[in-house]
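Take a look at the structure set out below.
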Amino acid sequence: MRARLGDAATIVHIDDYFRDLSPLAADERDRRNFDTPDAIDVDLLREQLTALKKGLPVQRPNYDFATHCRQEQTDTLCPNDTIIVEGIFALVWKDLLPLYDVKVFVNANSALCLERRIARDTTERGRTEADVILQYYLTVRPMCERHVLPTMRNADIVVSGEANVDDALKTLLHEPVAQAILRHAAH
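Quick look at the structure:
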């Protein structure tokens, strides 16, 4: 997404806000369920989104998915006219919804979700395909059905995650709700 938007938007990845599990033993960290909203430090996320909306920069945490710990180094996120909050739990917390001008739910079938998760976790997170598939059926899919899919009702717009990304962006930008909000924000 960054390649398509350049510096036109600040992107907040909810995955950067996983709770720091460094106080726990490594084997205990590995057994945690990371596919529930409780795995996210929503207080820090709320605090930083509020600051960005007020025009203030924030120090975003960097999360190490191999160790399930936050790294010491943080990254500065600068405010922008467009702030995109990206992640499967973006529409879960009712108190965050008013911070969003447009709420978008990207819907895709479970086979495609598994395929994308395997690709991401094996290339970016150093996991094996077998581990990703096991986790998918044990926690990812059940937690998606419990926590993520119901948030579709909180969205202003639902777009297909099965379509080409450029096509989905075109659809989104041509939705009447998005156009009305963008016109309002420009004034």
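The sequence shown runs 1 to 187 under our numbering. We treat Cβ as the ideally placed atom computed from N, Cα and C, and that holds for glycine.
Spatial distance of residue 123 from residue 69 (CA atoms): Reading the sequence shown from its first residue, position 123 is the one you call residue 123. Reading the sequence shown from its first residue, position 69 is the one you call residue 69. In a straight line, the C-alpha of residue 123 is about 19 Å away from that of residue 69.
Distance between residue 88 and residue 101 (C-alpha atoms, nearest Å): Counting from one through the sequence shown, the residue named residue 101 turns up at place 101. Counting from one through the sequence shown, the residue named residue 88 turns up at place 88. Their Cα atoms are separated by approximately 17 Å.
Check whether residue 57 and residue 77 have beta carbons under 8 Å apart: For this step, residue 57 is matched to residue 57 along the sequence shown. For this step, residue 77 is matched to residue 77 along the sequence shown. Yes.
Residue 35 vs residue 152 beta-carbon contact at 8 Å: Sequence index remark: in the sequence shown, residue 35 carries index 35 (1-based). Sequence index remark: in the sequence shown, residue 152 carries index 152 (1-based). Not in contact: residue 35 and residue 152 (Cβ atoms no closer than 8 Å).
Residue from 137, 157, 158, 128 whose Cα sits closest to the Cα of residue 66: Position 66 of the sequence shown, counted from the start, is the residue given in the question as residue 66. The candidate whose alpha carbon is nearest that of residue 66 is 128.
Among 80, 117, 47, 156, the one whose alpha carbon lies nearest that of residue 137: Start at 1 with the first residue of the sequence shown, and residue 137 comes out as number 137. Nearest C-alpha to residue 137: 117.
Closest residue to residue 49 among 10, 131, 150 (Cα-Cα distance): Numbered from its first residue, the sequence shown carries residue 49 at position 49. Closest option to residue 49, Cα to Cα, is 10.
Minimum length 3: unbroken beta strand (DSSP E) runs contained in the segment 97-129: 104-107
Nonlocal neighbours in the same chain, by C-beta distance under 6 Å from residue 186, ignoring five residues either side: The sequence position of residue 186 within the sequence shown is 186, counting from 1. Because the pLDDT at residue 186 is just 47, under 50, the model does not fix this residue reliably, and the value given afterwards should be weighed accordingly. Taken in chain order, the list of residues that qualify is empty.
Nearest-angstrom Cβ-Cβ length linking residue 92 and residue 23, presumed shorter than 8 Å: In the sequence shown, the residue the question calls residue 92 occupies position 92. In the sequence shown, the residue the question calls residue 23 occupies position 23. Contact flag wrong, Cβ pair sits at about 25 Å.
Where residue 134 falls, given that 16 or more other Cβ within 10 Å makes a residue buried: Translated into positions along the sequence shown, residue 134 becomes position 134. Exposed is the call here.
Limits of the unbroken alpha helix (DSSP H) element including residue 42: Taking the first residue of the sequence shown as 1, we reach residue 42 at position 42. Where residue 42 is concerned, the enclosing alpha helix (DSSP H) stretches over 42-53.
Same chain, Cβ closer than 6 Å to residue 71, neighbours up to 5 away in sequence not counted: In the sequence shown, residue 71 corresponds to position 71, counting from 1. Same-chain partners within the cutoff: 62, 64.
Beta-carbon proximity of residue 103 to residue 43, cut-off 8 Å: Walking along the sequence shown from the start, residue 103 turns up at place 103. Walking along the sequence shown from the start, residue 43 turns up at place 43. It is not a contact, given that the beta carbons lie outside the stated cut-off.
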